[in-house]
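Working notes for the structure below.
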Amino acid sequence: MKKYERILLKLSGEALMGNENNGISPHVINSYAKQINEISEFGVEIAIVIGGGNIFRGLSGLSKGVDRVKGDQMGMLATIINSLALQSTIEALGGKVKLFTATKMEPIGELYTKAKVLHAFSEGYTAIIAGGTGNPFFTTDSASALRGVEIEAKVLLKGTRVDGVYDSDPEINPKAKKFKDLTFNNAYEQKLRIMDLTAFTMCSENNLPIIVFDMNTEGNLKKVVLGENIGTLIKN
Numbered sequence: 009m010k011k012y013e014r015i016l017l018k019l020s021g022e023a024l025m026g027n028e029n030n031g032i033s034p035h036v037i038n039s040y041a042k043q044i045n046e047i048s049e050f051g052v053e054i055a056i057v058i059g060g061g062n063i064f065r066g067l068s069g070l071s072k073g074v075d076r077v078k079g080d081q082m083g084m085l086a087t088i089i090n091s092l093a094l095q096s097t098i099e100a101l102g103g104k105v106k107l108f109t110a111t112k113m114e115p116i117g118e119l120y121t122k123a124k125v126l127h128a129f130s131e132g133y134t135a136i137i138a139g140g141t142g143n144p145f146f147t148t149d150s151a152s153a154l155r156g157v158e159i160e161a162k163v164l165l166k167g168t169r170v171d172g173v174y175d176s177d178p179e180i181n182p183k184a185k186k187f188k189d190l191t192f193n194n195a196y197e198q199k200l201r202i203m204d205l206t207a208f209t210m211c212s213e214n215n216l217p218i219i220v221f222d223m224n225t226e227g228n229l230k231k232v233v234l235g236e237n238i239g240t241l242i243k244n
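Under this note's numbering, residues 9 to 244 are what the sequence shown spells out, in order.
What follows is the structure in structure tokens.
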């Protein structure tokens with residue numbers, strides 16, 4: 009019995025790299041697509057927002073002499089590339105998926121509206137929402153929070169390569185302590201790096217819980233949707 013009937017799944021661009029130095033790992037994207045198709049088949053409505061950090065980060069452009077607005081637009085295009093790759097892989101594995109973009113980019117995808125995404129859900133499609141918010145100075149974390157609130161998702165699932173939220177970086181500190189659950193206030197007071205402040209505040213104010221979990225372990229997405237206590241839950 010699924011616990012969450014409609015989810016916003018945020019995937020990090022960096023996680024798509026797997027063990028590669030950049031770009032997209034075929035193994036990782038195939039695993040993601042299989043997991044997404046699996047939960048779609050038992051009736052979960054899924055909207056997906058993907059980061060672009062495996063290809064380009066807007067802020068990184070500043071050090072290369074790129075204007076911040078142009079850098080963020082380049083980052084938005086990176087999310088489009090990742091979204092097209094995931095769409096193609098989901099379809100190749102037999103899934104139904106539609107791609108929506110924050111700004112007009114036909115024939116790549118349809119212009120995003122809430123109504124279009126809900127209609128896609130009603131026809132059994134997974135929705136990928138690409139291009140961030142369509143505006144500079146907003147991260148894909150903020151885009152995922154915004155879209156999650158708009159489509160009335162029951163939870164925002166942040167799929168990463170780490171299995172939850174820790175009090176320090178577990179990839180650096182082997183003694184880092186993992187949290188099973190947190191309140192938004194506690195996470196803010198402890199300055200835990202879960203999402204940027206804009207995204208975090210939007211989730212808190214609109215009572216949209218967040219679960220941070222390891223998406224790179226196959227089967228974990230299904231476990232989270234079924235309500236198994238893996239990862240870290242953040243709520244009011």
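Idealized CB from N, CA, C, for every residue including glycine. Small disclaimer: the values here were computed from a predicted structure and weren't measured.
- Per DSSP, reduced to three states, the secondary structure at E236 is coil, with no helix or strand assignment.
- The three-state secondary structure of E226, taken from DSSP, is coil.
- Of the residues assessed, T147 falls on the buried side of the cut-off, its CB having 16 or more other CB atoms within 10 angstroms.
- C-alpha of E46 to C-alpha of K106: approximately 16 Å in a straight line.
- For I56, no alpha helix (DSSP H) encloses it; the enclosing beta strand (DSSP E) starts and ends at 53 to 58.
- Beyond the five residues adjoining it in sequence on each side, F129 comes within less than 6 Å, by CB distance, of E53 in the same chain, given in chain order.
- Taking every protein chain shown into account, the CB of K188 has fewer than 16 other CB atoms within 10 angstroms, so this residue is exposed.
- L24 is positioned such that its CB atom lies no closer than 9 Å to that of L229.
- The residue from H127, T87, Y133, E22 with its alpha-carbon nearest to that of I116 is T87.
- The beta carbon of G235 sits closer than 7 Å to the beta carbons of K11 from its chain, once the five residues preceding and following it are set aside; these are given in chain order.
- Taking 8 Å as the upper bound for CB-CB distance, V163 and I219 are in contact here, some 6 Å apart.
- Around R169, the same chain offers S20, E22, A23, D222, M223, N224 as residues with beta carbons nearer than 8 Å, after the five sequence neighbours per side are excluded.
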